[in-house]
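**Q**
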Amino acid sequence: MKDNRLNLKGRKVLVTGADGFIGSHLTEKLINLGCEVKALSYYNSFNYWGWLEDIRNIDSIEVLSGDIRDTEYIRKITKGVDIIFHLAALIAIPYSYHAPQSYVDTNIKGTLNVCLAAKENNCRLIHTSTSEVYGTAQYVPIDEQHPLQAQSPYSATKIGADALAMSFYHAYNLPVTIARPFNTYGPRQSARAVIPTIIAQALTTTNNQIKLGSLTPVRDMNYVADTVNGFISSAESLDSIGQVFNFGSGKGIDIGELARSIIRIINPKISILTDEKRIRPQKSEVMKLICNNRKARSVLNWQPEFSLNSGLQKTIEFVESHLNYYKPQIYNL
Ligand SMILES: NC(=O)c1ccc[n+]([C@@H]2O[C@H](COP(=O)([O-])OP(=O)(O)OC[C@H]3O[C@@H](n4cnc5c(N)ncnc54)[C@H](O)[C@@H]3O)[C@@H](O)[C@H]2O)c1
1 MKDNRLNLKG RKVLVTGADG FIGSHLTEKL INLGCEVKAL SYYNSFNYWG WLEDIRNIDS
61 IEVLSGDIRD TEYIRKITKG VDIIFHLAAL IAIPYSYHAP QSYVDTNIKG TLNVCLAAKE
121 NNCRLIHTST SEVYGTAQYV PIDEQHPLQA QSPYSATKIG ADALAMSFYH AYNLPVTIAR
181 PFNTYGPRQS ARAVIPTIIA QALTTTNNQI KLGSLTPVRD MNYVADTVNG FISSAESLDS
241 IGQVFNFGSG KGIDIGELAR SIIRIINPKI SILTDEKRIR PQKSEVMKLI CNNRKARSVL
301 NWQPEFSLNS GLQKTIEFVE SHLNYYKPQI YNL
């Protein structure tokens, strides 16, 4: 029988967005698997590598500073690379209301640059999508056949990026797999995301109150190690080429219940205030996202391993020991 699995050990890999939350965890995992890693960090003049600064064995990899919007640069750094894990993106939904042009430039044109470079240099491409492309669920759990509905500029640009990546598979036979994670949380996630916001406010409140937007949207929350395993299992499987895979727990929780779960762990006296400026335009708010993960389970042999409770405990410990990175008093777009 043909073995359709690829051993990643010794493979030359490039991770874009390696300086970010999920990318830094993926980079660590790839190092542990014995890959030769190039990690792309978003250029800045401080030589600051984001969350790559936090990882062990940083000396064993090549860290590059650059910008996925630069066609020539991306072409250059992908030479000799076997697999590209493309995670770099602008990802905050509220900021996408203010700066849609930069989302088009980064998420769509940046992905085009990655696809062109992968084609030229014969790289396998694992492209990162998001459950936000589905918009409010028309049915649950959401499988990969669910219609795509752009309810925010962020979602629209990710739909465009996914379509471009898949078009390179169809038009040029580029070996592309699309990994589509549902909401992911864990150590190193920025304060713009709901779980770190709740935790950072709950740990620092002086009046036993925290401020949140709408409490009714339902999300499928996934610990970052499970999402990272989704990327790894996508790359290891040759059967995944030309396909999209959802990665999510299959369980939904509304934001109110999520906040109360965290509050119960940190300080049950805390109450939740609604902050109008955190509420999204009505038609833009995605009301329900719950993953159908059957395809990833059967084709990739992937399954989630962390319960929400154990993931939250780890995330609370991380935020508590890194409070200087969070500014709980400010609403971070
Ligand atoms: N966090 C989630 O819940 C979630 C869920 C589904 C999908 N995703 C996707 O996963 C990927 C990683 O998200 P994350 O949560 O780690 O976010 P993140 O913001 O922590 O990471 C994204 C990284 O991309 C980098 N970047 C942005 N613009 C760049 C540019 N022009 N050139 C080079 N690098 C650039 C940033 O420096 C940042 O570190 C994204 O593609 C996102 O759409 C995230």
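Residue numbers (this note's numbering): 1 to 333.
Cβ atoms here follow ideal geometry from the backbone N, Cα and C, with glycine treated the same way.
Since I believe threonine 78 is in contact with leucine 14 (beta carbons under 8 Å), could you give me their beta-carbon distance rounded to a whole number of angstroms?
**A** Correct: roughly 6 Å between the Cβ atoms.
**Q** Thinking threonine 130 and arginine 69 are a contact (beta carbons under 8 Å), I'd like their distance in whole angstroms, please.
**A** With a Cβ gap of about 19 Å, threonine 130 and arginine 69 do not count as contacting.
**Q** Tell me whether the beta-carbon of glutamate 144 lies closer than 8 Å to the beta-carbon of asparagine 301.
**A** No.
**Q** Exposed or buried, leucine 273, counting other C-beta atoms within 10 Å across all chains shown (16 or more means buried)?
**A** Leucine 273 is exposed by the Cβ-count criterion.
**Q** Counting Cβ pairs closer than 8 Å, one from the region 212 to 219 and one from the region 152 to 166, do we hit at least three?
**A** Not touching, per the Cβ criterion.
**Q** Give the straight-line distance between the Cα atoms of leucine 8 and serine 190, rounded to the nearest whole angstrom.
**A** C-alpha separation (whole angstroms): 29 Å.
**Q** Look up isoleucine 316 in the DSSP assignment and give the residues it is bridged to.
**A** Answer is none; isoleucine 316 lacks a bridge partner.
**Q** Hey, could you find the ends of the alpha helix (DSSP H) threonine 206 is sitting in?
**A** Counting along the chain, threonine 206 falls outside any alpha helix (DSSP H), and DSSP gives it neither H nor E.
**Q** Are leucine 90 and asparagine 113 close, meaning C-beta to C-beta below 8 Å?
**A** No; because the gap between Cβ atoms is not below 8 Å, this pair is not in contact.
**Q** Examine chain D for any beta-carbon lying closer than 8 Å to the beta-carbon of alanine 259, and answer yes or no.
**A** In summary, chain D is missing from the structure at hand, where a single protein chain is found.
**Q** Assuming aspartate 67 and tyrosine 73 make a contact with CB atoms under 8 Å, what is their CB distance in whole Å?
**A** Contact holds; Cβ gap of about 7 Å.
**Q** Could you pull out every residue in the same chain whose Cβ sits closer than 8 Å to the Cβ of methionine 1, ignoring the five residues on either side in sequence?
**A** Below a pLDDT of 50, predicted positions are generally treated as unreliable, and methionine 1, at 44, falls in that range; no measurement from the model is reported.
**Q** Between the region 52 to 60 and the region 85 to 100, do three or more beta carbon pairs fall short of 8 Å?
**A** No: fewer than three Cβ pairs fall under 8 Å.
**Q** Would you say glycine 110 touches ligand 1, meaning its beta carbon is less than 7 Å from a heavy atom?
**A** Flag set: Cβ of glycine 110 near ligand 1.
**Q** Any idea if phenylalanine 46 is buried or exposed, counting beta-carbon neighbours within 10 angstroms, 16 or more meaning buried?
**A** Burial call: exposed.
**Q** Based on the DSSP output, what are the partners of asparagine 291 in its beta bridges?
**A** First, the amino acid is wrong: residue 291 is cysteine here, not asparagine. DSSP, once it has assigned bridges, lists Ile142 as partnering cysteine 291.
**Q** The beta strand (DSSP E) with phenylalanine 245 in it runs from where to where?
**A** Note, phenylalanine 245: beta strand (DSSP E), 243 to 247.
**Q** Relative to the C-alpha of proline 141, which candidate in Leu6, Pro304, Arg297 and Lys288 has its C-alpha closest?
**A** Nearest option by C-alpha distance: Lys288.
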